[in-house]
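Residue numbers (full-length UniProt numbering), protein chains in the order written: chain A, 1 to 266; chain B, 1 to 336.
Encoded structure:
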C-alpha cells in the first residue's frame, strides 16, 4: 500500500515544465531518496508533493485524497518538510524554533499544552539538541543547526518527513550523524522519510527506495541495487561510474567515475 | 555537559516597565510646552470638571495632540514591525516603502477635487493612497524575479516616494493649495482635534488588535515562507490580511500627522533587542515604544525652540537617519 503518490503531475509554468507527467509512489514506512543532477527537478518535486509550490496539472494523493483539496493544517499533521538550508533565524533560540513545530496543533494565540511540551522535549532529546535549547540558533554550527531544524520537523509529530538535501554544508561526520538519526527514526518509529540527496553512496546506504530523475522524469526507481548501476548513472548524471560493493554494508557504491568523454568528442 | 538555564527576564516585567515609562512620558508631554502648566492642573483636567485657562489648554489642545502622538507612534511602529516580518526585510518602514508618500499624494488630490471633504473622507483617501504607493513599490520590485532583496525594495521605495511627493507638490503649486497640503505633510500634530481622533482612532485600534491576533502567524511567516506553508499556514490569506492592516495603519497615521518616516523602522529594532523575535511580544511592545518615542519627539518639537514649533518630522528624521545607516552597516540583514 502507498499512502502517498503522484499521478501524472506537471510542475512549472506554461512551456517551461520542470517536472513532466510524473507518476511516482512513495513506499510507506521506508526511506526514499530522490537523486539526479542539478536542475533535474528533485527539489521541485519535493515541494510540489508537500504543497509548497503549486503544480500545473495532475494530482498528489495522500490517503486517497487530492492534497490540494485537503485542509493545509491537517496536512501539516501528516507531513513535515524541512526546506533546503533555511535562512537566518534572527536570534531565535533553539527551544523557540522547535516549539513552532507544534503550530498545526495550536489555535488562537498559541499557548503550549502538556502534549506540546512533551513532543518538544522528545524532539530536542532525540536529536541531541536539548543541551543548547536556550542558545540562539544562529550561534550554532552547521551540523547542530541542521539537527535543530530536524527537531522542529519532528515536533510536528508527522508520519511522513520530507527533507531537501539535509546534509548540505555538513562535514562527513555530521552528514552521517544526520542520516543515522533519520534511519533510527525510520526503524524505531516507522516514519516515512523522503529526501533529496546529492551523495550517491549515502543514498545507496540509507535508502530503501531510490528515485533517479532526469529532466523531470524518472529514469529508474527501485532498491539501491537496481538504481545505483553503471547504466543508470550514465543516463542520469552523464558519468562513467565504477560500481563496487561497500565492504561494510554490502550496498553498491560508486568507487570512482569519469565524465563520459567519448560522447563529448562526437 | 553543564546544564544551561533560561536567564532572561519574563515578558510581563518588561511590559510593565515599558507601560510605566509610557505613562510617565505621557504626563511629561502634557506638562511641558509653550504654556507653563502645573501637574495639579493635568490631574484636574483629567479627573474633574474643574474649569480654568490652563485646564482648557490641556483638554482642548494638548490632550488631543498627545493622544494623536500616541496612536500615530503605535500605528506606524506596528505597521513597520509587520512589514519587516512579512518581507523579512529589516529596512521595511511605511515611510520608506511609499505608503505615506502615497497617502500624501492622495490627500493632495482629495483637497483639490473634494475641498469640502470631512475627516472620514480624508482618511479614506489616505488608505487608498497608501495602497497605491505600496502597490507601486512592490510592483516595481516584483518585475524582476528574486528582486525582493532589502536594498532593491528600498530603492523602489525611494523612487516611488520621490515620484509621489513630486505629484503632491505639483498639485499643490498648480492648484494653489500648497498651504493646505503642507499643513498635513509638515504640520505634524498641530491642530489635532477630538473630532479627528474620534474618527481615526477606532480604525487604528481595530487594526492593531487584529494584528496582535495574527502575531503568531506573523512569527511563523517571518521565519521562512516555505516553513510557514509546511507548518500548515494559509500564507496567501494571512499576507493579504496583514497587507490590509498595514495600509489601514499607515493611512490612518498620515491622516493624523502627515509624512512620517523612520518611526516604523526604528521601533521594531529597539523592541527586538528587548523581547526577541516572537511577534506576540514584538507587536504589543512596539505599540508602546512607538508611542513613547512620538511623545518625546513631540515634546521636544514644542519646547526646544518655544514658543515656535520645530517640525516633529525633522526631529524624528534626525533620530532615524543614524539608525538607518546603522542597519545598513550591519548588512541590511541582521535583525538584532
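C-beta atoms are modelled at their ideal positions from N, C-alpha and C, and glycine is treated no differently.
Looking at C-beta atoms only, is the number of pairs between the segment 155-171 of chain B and the segment 116-125 of chain B that lie closer than 8 Å three or more?
With the cut-off at 8 Å, the segment 155-171 of chain B and the segment 116-125 of chain B do not touch.
Please list the terminal residues of the continuous alpha helix (DSSP H) segment that includes residue 185/A.
Segment 172-189, the alpha helix (DSSP H) holding residue 185/A.
Ranges of the alpha helix (DSSP H) found wholly within the segment 72-132 of chain A, counting only runs of at least 4
Qualifying alpha helix (DSSP H) stretches, in chain order: 72-75, 94-99 and 114-126.
Which partner residues does residue 162/A have in the DSSP bridge list?
According to DSSP, residue pairing for residue 162/A in a beta bridge involves 81/A and 194/A.
Any C-beta of chain B sitting closer than 9 Å to the C-beta of residue 123/A?
Closer than 9 Å: no.
Mind checking residue 13/A: buried by the 16 CB within 10 Å criterion, or exposed?
Burial state of residue 13/A is exposed, judged by a 10 Å Cβ sphere holding fewer than 16 other Cβ atoms.
Say whether chain A places a C-beta atom closer than 9 Å to the C-beta of residue 234/B.
Residue 234/B counts as touching chain A.
Cβ of residue 87/B within 9 Å of any chain A Cβ
No, because no Cβ of chain A sits closer than 9 Å to the Cβ of residue 87/B.
What are the start and end residues of each continuous beta strand (DSSP E) run of 3 or more residues lying completely inside the segment 197-222 of chain A, in chain order?
Listed in chain order, they are 209-214 and 217-222.
Would you mind stating whether residue 56/B and residue 45/B have Cβ atoms separated by less than 9 Å?
Here residue 56/B is near residue 45/B, since their CB atoms are less than 9 Å apart.
Which of helix, strand or coil does DSSP assign to residue 55/A?
Three-state result, residue 55/A: coil.
Can you check whether the C-beta of residue 220/B is within less than 9 Å of a C-beta belonging to chain A?
By this cut-off, residue 220/B is an interface position.
CB residue 138/A to CB residue 92/A, shorter than 9 Å?
Less than 9 Å separates the beta-carbon of residue 138/A from that of residue 92/A.
For residue 167/A, count the other beta carbons within 10 Å of its own beta carbon; 16 or more makes it buried, fewer makes it exposed. Which is it?
Residue 167/A should be labelled buried.
Does the beta-carbon distance from residue 221/B to residue 238/B come in below 9 Å?
With respect to residue 238/B, residue 221/B sits close: the two C-beta atoms are nearer than 9 Å.
What residues in its chain sit with their C-beta under 7 Å from that of residue 212/B, if we drop five residues either side in the sequence?
Around residue 212/B: 283 and 284.
Do residue 34/A and residue 148/A have their C-beta atoms closer together than 9 Å?
No, the Cβ-Cβ distance between residue 34/A and residue 148/A is not below 9 Å.
Using a Cβ cut-off of 9 Å (strictly closer), state whether residue 147/B contacts chain A.
The predicted model places residue 147/B with a pLDDT of 48, which falls under 50 and marks its position as unreliable; any figure quoted below should be read in that light. Answer no: the Cβ-Cβ gap between residue 147/B and chain A never drops below 9 Å.
Measuring only between beta-carbons, confirm whether residue 257/A sits less than 9 Å from chain B.
So no, residue 257/A is outside the interface.
Is the CB of residue 280/B under 9 Å away from at least one CB in chain E?
The structure shown contains no chain E; its protein chains are A and B.
Applying a beta-carbon distance threshold of less than 9 Å, which residues of chain B neighbour residue 114/A?
Using a Cβ-Cβ cut-off of 9 Å, residue 114/A is close to nothing in chain B; its nearest Cβ partner there is about 19 Å away.
From what residue to what residue does the alpha helix (DSSP H) around residue 284/B run?
Run containing residue 284/B: 279-303, per the alpha helix (DSSP H) assignment.
Report yes if the C-beta distance between residue 200/B and residue 252/B is below 9 Å; otherwise report no.
The answer is yes: Cβ separation under 9 Å.
List the DSSP bridge partners of residue 136/A.
93/A.
Same chain, Cβ closer than 7 Å to residue 170/A, five either side skipped, listed in chain order
Here the set comprises 142, 143, 146 and 178.
Are residue 24/A and residue 239/A closer than 9 Å when you measure CB to CB?
No; because the gap between Cβ atoms is not below 9 Å, this pair is not in contact.
Could you give the residue range of the beta strand (DSSP E) that holds residue 257/A?
Per DSSP, residue 257/A belongs to the beta strand (DSSP E) from 252-259.
Could you check whether residue 22/B and residue 281/B sit closer than 9 Å to each other, using their CB atoms as the reference points?
No, Cβ-Cβ distance for residue 281/B and residue 22/B is not below 9 Å.
Beta-carbon within less than 6 Å of residue 8/A's beta-carbon, same chain only, minus the 5 sequence neighbours each way: which residues are those?
Taken in chain order, the residues that qualify are 21, 23 and 58.
Would you kindly work out how many angstroms separate the C-alpha atoms of residue 134/A and residue 178/B, rounded to a whole number?
So the two alpha carbons sit approximately 56 Å from each other.
Mind pulling the chain B residues with CB within less than 7 Å of residue 80/A?
What residue 80/A touches in chain B: 230.
Anything in chain B within Cβ reach of residue 83/A, meaning under 8 Å, just list it in chain order.
For residue 83/A, the chain B residues whose Cβ falls inside 8 Å of its Cβ are 224, 226, 227 and 230, in order along the chain.
Using a threshold of 9 Å, state whether the C-beta atoms of residue 219/B and residue 100/A are closer than that.
Taking 9 Å as the Cβ cut-off, residue 219/B and residue 100/A qualify as a contacting pair.
Go through the segment 216-259 of chain B residue by residue and report every complete run of the beta strand (DSSP E) that reaches 3 residues or more, in order.
Whole beta strand (DSSP E) segments, 3+ residues: zero.
Inter-residue Cα distance where the pair is residue 90/A and residue 90/B
Near 10 Å, if we compare the C-alpha coordinates of residue 90/B and residue 90/A.
Tell me the DSSP bridge mates of residue 24/A?
Bridge partners of residue 24/A: 6/A.
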